[in-house]
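Asker: Before I ask anything, let me first share the structure, which is written out below as structure tokens.
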Amino acid sequence: MKKKADSIRFSAFQLRVWEAALKIPFGSTRSYSWVARRIGSPQAVRAVGTALKNNPYPLVIPCHRVVKSNGDIGGYSRGRKAKEQLLELEKGMKNMFCLKGDISIE
DNA sequence: TGTCCGCGGGTGT
DNA sequence: ACACCCGCGGACA
Numbered sequence: 118m119k120k121k122a123d124s125i126r127f128s129a130f131q132l133r134v135w136e137a138a139l140k141i142p143f144g145s146t147r148s149y150s151w152v153a154r155r156i157g158s159p160q161a162v163r164a165v166g167t168a169l170k171n172n173p174y175p176l177v178i179p180c181h182r183v184v185k186s187n188g189d190i191g192g193y194s195r196g197r198k199a200k201e202q203l204l205e206l207e208k209g210m211k212n213m214f215c216l217k218g219d220i221s222i223e
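The opening position of the first sequence corresponds to residue 118 in our numbering, with each subsequent residue numbered one higher.
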């Protein structure tokens with residue numbers, strides 16, 4: 118990603134990561150490795166984390182739904198706490214609307 | 001559990 | 001070109 122006045126220049130890798138993140142169902146979570154596999158770069162798990170961190174719209178892109186594969190919550194730009202609360206919030210909303218299954222965006 | 005190392009991509013120098 | 005830095009994961013003790 119070139120940092121210039123343009124600000125609309127992102128690498129294809131980042132775009133793929135964010136696109137994959139957008140496919141994560143509301144109120145659900147996926148792992149970093151899941152995203153890595155999904156974008157066709159199974160070993161790029163660390164890069165996925167970096168890409169998610171660099172995402173320009175942290176709330177539009179549901180990067181908070183990406184957690185560690187070992188059950189840990191993982192990191193978050195705005196702090197782990199915020200991430201945790203966001204997930205709880207989505208869970209609550211899901212419950213509020215009496216949603217049994219996942220909501221698929223595509 | 002805690003550490004350690006490799007991983008791919010991004011950024012600074 | 002080089003040397004780090006990471007929102008990780010898996011192996012190993």
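The beta carbon of each residue, even a glycine, is placed where N, CA and C say it ideally should be. Every value quoted in this text rests on a predicted model; they were computed, and no experiment measured them.
With a Cβ-Cβ cutoff of 9 Å, do I141 and V177 count as a contact?
Answerer: Contact: no.
Asker: Please tell me whether P179 and A129 are closer than 9 Å, where the distance is taken between their beta carbons.
Answerer: In this structure, A129 does not lie closer than 9 Å to P179 by Cβ.
Asker: For the segment 184 to 195 and the segment 148 to 162, state whether three or more C-beta atom pairs, one from each stretch, are separated by less than 8 Å.
Answerer: The segment 184 to 195 is in contact with the segment 148 to 162.
Asker: Just how far apart, CA to CA, sit I190 and N172?
Answerer: Looking at the two C-alpha atoms, the distance is approximately 18 Å.
Asker: What alpha helix (DSSP H) runs, 4 residues minimum, are completely inside the segment 151 to 196?
Answerer: Here the runs fully enclosed are 162 to 170.
Asker: Quick one, which of M213, S150 and F214 has its alpha-carbon nearest V134's?
Answerer: Ranking the options by Cα distance to V134, first place goes to S150.
Asker: Please determine, among Y174, V152, G157 and S158, the residue with the shortest C-alpha to C-alpha distance to R195.
Answerer: Among Y174, V152, G157 and S158, the Cα nearest to that of R195 is on Y174.
Asker: Note down, in chain order, each residue of its chain lying with its Cβ closer than 6 Å to the Cβ of R208, except the 5 sequence neighbours on either side.
Answerer: The question names Arg, yet the displayed sequence has Lys at residue 208. Counting only Cβ-Cβ distances below 6 Å, and skipping sequence neighbours, we find G144.
Asker: The alpha helix (DSSP H) that contains F130, what's its start and end?
Answerer: A129 to L139 is the span of the alpha helix (DSSP H), which, as asked, contains F130.
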